[in-house]
Amino acid sequence: VTREQIFAVVRKNIVNIVEGVSEDAVSEEISMRDLGADSLQIVEVVSRSMKELRLKVPRTELSRATNLRELLDLFEKAAARRP
Amino acid sequence: MNPGEWRDAGDRIVITGMGVVTVIGDSTGTFLDSLVAGRSGITRWKGRQEDRHYSRIGGDLSDFDLHGHLEHRGEVYSGDLVKRCLSLMRAAPLPPKLVAAAALQAWHEADPHSTTAPERTGHVLAGHNLNAGYIVENSLTFYQDEPDYIEPLFGLLCLDTDVLSATSELLDLRGPCFTVGGACASGSVALMAAIDVLRADRADAMLVTGAPIELEPVALHGWALLDAISIRSFNDSPERASRPFDARREGFVPSEGAGALVLETLSGARRRGARIHGELLGVSATSDASRLTRPDVRGQVSAMRLALQDARITKDRIEYINAHATSTALGDAVEVAAIKEALGDRSRSVPVNSTKSMIGHGLSAASTLEIIATLLQMGHDVLHPTINQEEPDPDLDLDFIPNRARSARFDVALSNSFGFGGINSCVVLGRIEE
Chain A
81 VTREQIFAVV RKNIVNIVEG VSEDAVSEEI SMRDLGADSL QIVEVVSRSM KELRLKVPRT
141 ELSRATNLRE LLDLFEKAAA RRP
Chain B
8 MNPGEWRDAG DRIVITGMGV VTVIGDSTGT FLDSLVAGRS GITRWKGRQE DRHYSRIGGD
68 LSDFDLHGHL EHRGEVYSGD LVKRCLSLMR AAPLPPKLVA AAALQAWHEA DPHSTTAPER
128 TGHVLAGHNL NAGYIVENSL TFYQDEPDYI EPLFGLLCLD TDVLSATSEL LDLRGPCFTV
188 GGACASGSVA LMAAIDVLRA DRADAMLVTG APIELEPVAL HGWALLDAIS IRSFNDSPER
248 ASRPFDARRE GFVPSEGAGA LVLETLSGAR RRGARIHGEL LGVSATSDAS RLTRPDVRGQ
308 VSAMRLALQD ARITKDRIEY INAHATSTAL GDAVEVAAIK EALGDRSRSV PVNSTKSMIG
368 HGLSAASTLE IIATLLQMGH DVLHPTINQE EPDPDLDLDF IPNRARSARF DVALSNSFGF
428 GGINSCVVLG RIEE
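Below, the structure written as structure tokens:
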């Protein structure tokens, strides 16, 4: 799976879950907080994206991500680790 | 004297809003029409796997379309309210959706926030084990797939309080909000709790919701193993399965649905000019001190008498009984014996019907739905039938209003609810002359 594909899944879930966010507003440089997501919505975006991509990143690592770029980095590494 | 008049108007509790989602109607109007027409909502299960459990029939709302329901009422609800509701319920299981839909109807009708601050409004949710199907599904994901792939908000939604809180958020209820559990008597026990909150002046208006247990295969199978539900004779004619009092009754028919009531004091309701559906004259709760599913005449008689005492009326004032009447062999017989003992000779002249004959057994939502059915009948001077009365049971000889509705004016009614675990609760309802 490419980084672009990972980003597309995460962006789709953000748009579906966080009200009032358009696709254009989602970039790697911003955080979900910046887009107005609350704590539950962030959990939902991350979990749904991982499940959809069949990835697994330990929660302890996920909490370190401060913006979408860092989240995508973690997802990309997890995808590379996959058998 | 009107039966409630001995109480101060500030202690008299009235109902000013009602809402329902049932298998025979998703508004009070359609619900009443179906009840009077004697329409059954019992079908084969629509989406539930059938190969691993005995149950084939019930009241199935798994295809309930919240969006369609709210859109249908689009002229009544504001666009913003519909949007917030759909957003809150986006990934929700069935119970919170049904509760929200019923609660919106009741709250919108009563409209307490037109005069009352959110901090003075609260919510008692009746029920427990609500998102059972969701919990089973996520347990399978956890054990058979990957623990991290369970639903993201499982930690919230595995708790019944999430069903309460989603609707409290939707309606901005900021006073006392909590859940009350009493198996199939949950709704009546919840009413008692809400009455106490209002009489203690901890709130000005209380929403009481009767929440459904999402029917899933494991619980259905468990009830089949207890020989509690209908699994034998009516799988090919499900509309005939719920037949309380009839000689061929063979078990309750589980069903999904939700009801909602708005309660406030009579003085508050009159000050606001609210439409009043009826008064909660008395309520009671007793226990059989037994975990068995076997009902007990003593506990039921005691519950009926205590409700009358709470209302300070004699049994002769009761003009109609909405029975618990689940269509089990023993349960219906015990309830008839209890009614005869509690009301004496009066029982011969009081009509008794079973709402469950049409909607099945709504479990933790049942008593809320039946209190609403009672108030709707009172408000429209009609008594709905008990359907599927084909072969009378010679031992059960009260007036069950068999198969056809009848016109009747009544001012005082009793609603019975008797749950697993020997939990008994009765409610006396009265007409309020405007």
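Each protein sequence line maps, in turn, to chains A and B.
Sequence positions in the first sequence follow the working numbering and run 81 to 163.
Sequence positions in the second sequence follow the working numbering and run 8 to 441.
Glycine included, each C-beta is placed from N, C-alpha and C at the ideal position.
query                                                                                                                                                                  : result
Under 8 Å, Cβ to Cβ, is there at least one residue of chain A near E153(B)?                                                                                            : yes
Out of curiosity, what's the CA-to-CA distance linking L115(A) and R91(B)?                                                                                             : 18 Å
By the criterion of Cβ-Cβ separation under 8 Å, what are the contact partners of R128(A) in chain B?                                                                   : P159
Can you give me the Cβ contacts of V204(B) inside the same chain, cut-off strictly under 7 Å, excluding the 5 residues immediately before and after it?                : G129, P183, A210, M213
Can you list the residues of chain A that S94(B) reaches, using a CB-CB cut of under 8 Å?                                                                              : E99
So if DSSP puts I20(B) in a beta bridge, which residue, or which two residues, is it bridged to?                                                                       : T272(B), L287(B)
Quick one: does L148(A) have its CB under 8 Å from some CB of chain B?                                                                                                 : no
In terms of residue numbering, what span does the beta strand (DSSP E) encompassing V419(B) cover?                                                                     : 419 to 426
In terms of residues, what are the limits of the beta strand (DSSP E) holding N431(B)?                                                                                 : 430 to 437
Going along chain B, which residues have a C-beta under 8 Å from V123(A)?                                                                                              : P159, L160
Would you say K92(A) faces chain B, with C-beta separation under 8 Å as the test?                                                                                      : no
Pull the bridge partners of N360(B) from the DSSP assignment, please.                                                                                                  : N329(B)
Is the beta carbon of L133(A) closer than 8 Å to that of V89(A)?                                                                                                       : yes
List, in chain order, every chain B residue whose beta-carbon is nearer than 9 Å to that of K157(A).                                                                   : Those within 9 Å of K157(A) in chain B number zero; the least Cβ separation is about 16 Å.
Let's test the definition: count the other Cβ atoms within 10 Å of the Cβ of G81(B) and tell me whether it reaches 16, buried, or not, exposed.                        : exposed
Can at least three beta-carbon pairs, one atom from the region 173 to 188 of chain B and one from the region 94 to 112 of chain B, be found at a separation below 8 Å? : yes
Give me the Cα-Cα distance between A133(B) and V196(B), rounded to the nearest whole angstrom.                                                                         : 8 Å
Hey, L137(B) and M365(B): beta-carbon distance below 8 Å or not?                                                                                                       : no
Which whole-angstrom value describes the C-beta separation of L164(B) and Y150(B), a residue pair presumed to lie in contact below a C-beta threshold of 8 Å?          : So it is not a contact: roughly 18 Å between Cβ atoms.
Please confirm whether L133(A) has its beta-carbon closer than 8 Å to some beta-carbon of chain B.                                                                     : no
For a contact meaning CB atoms closer than 9 Å, what does L120(A) contact in chain B?                                                                                  : P159, L160, L163
My output table needs one value for F149(B): the three-state DSSP class, helix, strand or coil.                                                                        : helix
Contact defined as beta carbons within less than 8 Å: I believe I49(B) pairs with F38(B). What is the distance between those atoms, to the nearest angstrom?           : Going by Cβ atoms, the distance from I49(B) to F38(B) rounds to 15 Å, so no, they are not a contact pair.
Pick helix, strand or coil for A380(B), following the three-state DSSP scheme.                                                                                         : helix
I want to see whether chain A comes within less than 8 Å of Y156(B), judged by CB atoms only; does it?                                                                 : yes
To which residues of the same chain is E221(B) closer than 8 Å at the C-beta, ignoring the five residues directly before and after it?                                 : P100, L101, P102, L137, N138, A139, G140, Y141, E263
Going by alpha carbons, who is nearest to L147(B) out of S193(B), H76(B), N329(B), V225(B)?                                                                            : V225(B)
Going along the chain, which residues of its own chain have a beta-carbon closer than 7 Å to the beta-carbon of R19(B), five neighbours each way excluded?             : G11, T272, L273, E286
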